[in-house]
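In what follows, a structure is listed as structure tokens, so that the remarks can point back to it.
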Amino acid sequence: MISLHAAAAKSALALPEASISQPFGDGCDVFKVMDKVFMLSFHLEGKAVINLKGLPDNGAMLRDIYPYIRTGWHMNKQHWISIFADEALEEDLLQDLVLNSYELVVSKLQRN
434 MISLHAAAAK SALALPEASI SQPFGDGCDV FKVMDKVFML SFHLEGKAVI
484 NLKGLPDNGA MLRDIYPYIR TGWHMNKQHW ISIFADEALE EDLLQDLVLN
534 SYELVVSKLQ RN
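Residue numbering for the sequence shown follows the working numbering, starting at 434 and increasing by one per position.
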């Protein structure tokens, strides 16, 4: 089983202009691009969890397919998903979802 937090952080920090901070204190890493959040990493219910931004239709589809993907905890349920650590989670899927979250945030920055 992959380490959810380590694999997600590695993917996120490899992206251009990505940064990490802990504005909420220890236990919650916040990943940003140009000061906009694209990923949060924390523990919930004793499990490693990350929150990622996504398109509403994609989020609904992912939740239907993968039992370890749920609506975004403590975030807008329509635009964020939570991924819980799970043996079935594949690193390729995780990397794709981190990249998609990052690209969604960057695309909105470029419109402004």
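We treat Cβ as the ideally placed atom computed from N, Cα and C, and that holds for glycine.
(message) From the DSSP secondary-structure annotation, give me the bridge partner or partners of residue 514.
(response) In the DSSP secondary-structure assignment, residue 514 is bridged to 485 and 504.
(message) Per the DSSP calculation, residue 463 is bridged to which residue(s)?
(response) Under DSSP, residue 463 forms a beta bridge with 454 and 473.
(message) What residue range does the alpha helix (DSSP H) around residue 436 cover?
(response) It is not in any alpha helix (DSSP H) - residue 436 carries neither H nor E in the DSSP assignment.
(request) Give the single residue among 469, 511, 463 and 524 whose Cα lies nearest to the Cα of residue 488. (result) When C-alpha distances from residue 488 are compared across 469, 511, 463 and 524, the shortest belongs to 511.
(request) Pick out whichever of 463, 460 and 485 has its Cα sitting closest to the Cα of residue 529. (result) The candidate whose alpha carbon is nearest that of residue 529 is 485.
(message) Under 8 Å, with one C-beta from each stretch per pair, do the segment 488-505 and the segment 513-529 reach the 3-pair mark?
(response) Verdict: yes, contact present.
(request) Please state if the CB of residue 542 and the CB of residue 467 are separated by a distance shorter than 8 Å. (result) Yes, the Cβ-Cβ distance between residue 467 and residue 542 is below 8 Å.
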